[in-house]
Amino acid sequence: MSEARTDLVVVGLGYVGLPLLVRAHEIGMRTAGFDISAEVVAGLGAGRSHVADVPHSAVADMAAAGFRATTDPAVIAEADAVVVCVPTGLTDGAPDLSAVRAAARSVGENLRPGTLVVLESTSYPGTTEDVVRPILEESSGLVAGEDFHLAYSPERIDPGNEVFGVRNTPKVVAGVTPLCAKHGVAFYGRFIDTLVVSRGTREAEMAKLLENTYRYVSIALVNEVALFCDRTGIDVWDVLHCAGTKPFGYAPFQPGPGVGGHCIPVDPVYLETAGVSAGFDFRTLSAAREVNERMPHHVVDRAERLLQDAGIAVEGARVLLLGASYKPDIADTRETPALPVASGLLKSGAEVVYHDPNVPEFAVGERGLRRVEHVEDGLREADLAILLQDHACYDPVRLVASRCLLLDTRGKLAGENISHL
Ligand SMILES: NC(=O)c1ccc[n+]([C@@H]2O[C@H](COP(=O)([O-])OP(=O)(O)OC[C@H]3O[C@@H](n4cnc5c(N)ncnc54)[C@H](O)[C@@H]3O)[C@@H](O)[C@H]2O)c1
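Under this note's numbering, the final residue of the sequence shown carries the number 404; numbering is consecutive throughout.
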């Protein structure tokens, strides 16, 4: 065994991996990180955080305590625990586990007996046992549950959430054997307040997919209610306000221009794919997807109708998008509904500009959109503005006072110049 041991090596230093390292460092763990991105590693090496919830000072503090990020997987050999937090996105609309497979190979090739290996990436049931385990065993020559410990623990981080972070969000942990689960619990129990041990890795993988699919399907329901209310002249925001006062049996969700981010629109596809493999048809999921994917088109339709009603030709009209990220007050634009909305408006010949304090550049394909620096200037020049994200900087009073024709997809504004989703 190597002389210099590291308590934790995180593989994949992004939105999930970096906050985990920061929390482990807070309780005095010796930490290191492996990432295939030279840019990510160089940034962290220079004391810079590329994750909005992690301040630069936290990276600098870790570095002062000996943390190092590297593109050399040999660092894994020093670890007592290795946690894999690599992306599990979609390629051509289908689950893509290539990063998980590559990371498992890097871990396996550097694995020492006695190490705890945990997968945190979201994926379908069976990923830990049937995908990760064989790669680890084959590339290391070691056996899970005998020579090393293998666990799955889905990440629940909610970027931008100031109440729930790594420490106080209960964490589900599962082992491929009861002893592996014990090692997982001993590791996370050092820096997470509440742990929930699931029966096996498949249950933990499925629980994560259920959590995010629950959001996806619930959002689809309120989106469809919003479409119905638009058709029938019912004020959907008042409906939601009234329903939301029920103190039991109802969890409020908001309609919007579409579902974005790396998880909520992606994870149901993993579940659907697992269904297909098992010969099972998840009908709720396909219906929810159809509704959610219709929303950006509905916003474009509404915008075009508003312009036409105001006597403005869509072709050549200047439309200002307020908010390009997929949720309020973050910089992340992955799967953002702003993209299909902008794309639809451009196709109709509108000139599309955007404002977002956190998103310095935004493009539809090769076409970069002009960024408006000050909201007031943008509103003055626009024929129509569309509130896509409810960023804290968007003061309702000032937006309404601008007199600009405004389509509010978030139910935040009221005034003569305001139309709602
Ligand atoms: N972002 C969230 O809010 C969130 C919440 C819960 C769960 N998750 C899940 O956590 C996982 C990671 O998501 P993320 O948002 O942190 O992704 P991310 O893209 O922010 O970061 C992933 C990092 O992994 C690196 N990487 C890719 N392939 C690698 C490899 N083979 N070896 C080493 N490093 C590699 C990338 O360079 C990147 O820096 C995903 O499965 C995601 O679904 C994300």
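Just so it is clear, CB atoms sit at the ideal spot from N, CA and C, and this is done for glycine as well.
query: Output yes if chain B places a C-beta closer than 8 Å to the C-beta of R139; else output no.; result: Among the protein chains of the structure shown there is no chain B, as only one such chain exists.
query: So who's on the other strand from E334, going by DSSP bridges?; result: R301
query: Could you tell me if P117 is buried or exposed, where buried requires 16 or more neighbouring beta carbons within 10 angstroms of its beta carbon?; result: exposed
query: Can you tell me whether Q291 is buried or exposed, with buried defined as 16 or more other CB within 10 angstroms of its CB?; result: exposed
query: Return the residue from the list H224, A307, D312 and E364 that minimises the CA-CA distance to G299.; result: E364
query: Pull up the CB-CB distance for V302 and A286, whole angstroms please, since I reckon it's below 8 Å.; result: 6 Å
query: Output needed for A271: all residues of its chain with C-beta closer than 6 Å, excluding positions within five of it in sequence on either side, in chain order.; result: Y199, V200 and A203
query: How is I59 classed by DSSP in three states: helix, strand or coil?; result: helix
query: Label N195 either buried or exposed according to how many other C-beta atoms from any shown protein chain fall within 10 Å of its C-beta, with 16 as the threshold for buried.; result: buried
query: Is it true that the CB of P2 sits closer than 8 Å to the CB of V37?; result: yes
query: Please classify K154: is it buried, with 16 or more other beta-carbons within 10 angstroms of its beta-carbon, or exposed?; result: buried
query: For the region 4 to 78, which segments carrying the beta strand (DSSP E) assignment without a break, of at least 3 residues, lie completely within its bounds, in sequence order?; result: 14 to 17, 51 to 53 and 62 to 67
query: Rounded to whole angstroms, what's the CA-CA distance from H39 to M45? Just pull it up for me.; result: 10 Å
query: Is the distance from the Cβ of F131 to the Cβ of R150 below 8 Å?; result: no
query: DSSP has V200 in a bridge; who is on the other side?; result: DSSP output for V200 lists no bridge partner at all.
query: Where L390 and A57 are concerned, what is the direct C-alpha to C-alpha distance, given to the nearest angstrom?; result: 53 Å
query: Can you list, in chain order, the stretches of the beta strand (DSSP E) that have 3 or more residues and sit fully within the region 71 to 123?; result: 99 to 102
query: To the nearest angstrom, how far is the alpha carbon of L289 from that of I401?; result: 10 Å
query: Report buried or exposed for G306, applying the criterion of at least 16 other Cβ atoms within 10 angstroms of its Cβ.; result: buried
query: Output yes or no for whether 8 Å exceeds the beta carbon distance between D18 and T71.; result: no
query: Using the C-alpha atoms, what's the distance from L352 back to D284?; result: 20 Å
query: DSSP three-state label for Y135, please.; result: strand
query: Which partner residues does D391 have in the DSSP bridge list?; result: L370 and H403
query: So, under 8 Å CB-CB, L94 and L119 are touching, yes? Tell me the CB distance rounded to an integer number of Å.; result: 7 Å
query: Starting from the C-beta of T177, find all residues in its chain whose C-beta is less than 6 Å away, skip the five residues before and the five after it, and write them out in chain order.; result: P153
query: Could you pull out every unbroken alpha helix (DSSP H) segment of at least 4 residues lying fully inside the region 142 to 219, listed in chain order?; result: 161 to 171 and 184 to 215
query: Taking all protein chains shown into account, decide if P161 is buried (16 or more other Cβ within 10 angstroms of its Cβ) or exposed.; result: exposed
query: Going by DSSP, which residues form a beta bridge with A261?; result: In DSSP, A261 forms no bridge with anything.
query: At a threshold of 7 Å, does F50 count as lining ligand 1 (C-beta to nearest heavy atom)?; result: no
query: Which residues bound the beta strand (DSSP E) around T(-11)?; result: T(-11) to V(-6)
query: Name the two residues that bound the continuous alpha helix (DSSP H) containing A384.; result: P379 to A384
query: Roughly how many whole angstroms lie between the Cα atoms of D312 and F345?; result: 16 Å
query: Do you know offhand how far G357's Cα is from P340's?; result: One point to set straight first is that residue 357 is His, not Gly, in the sequence displayed. One C-alpha to the other measures close to 9 Å.
query: Who are the near neighbours of H224 in its chain, counting only those whose CB is closer than 6 Å to its CB and skipping five residues on each side?; result: none
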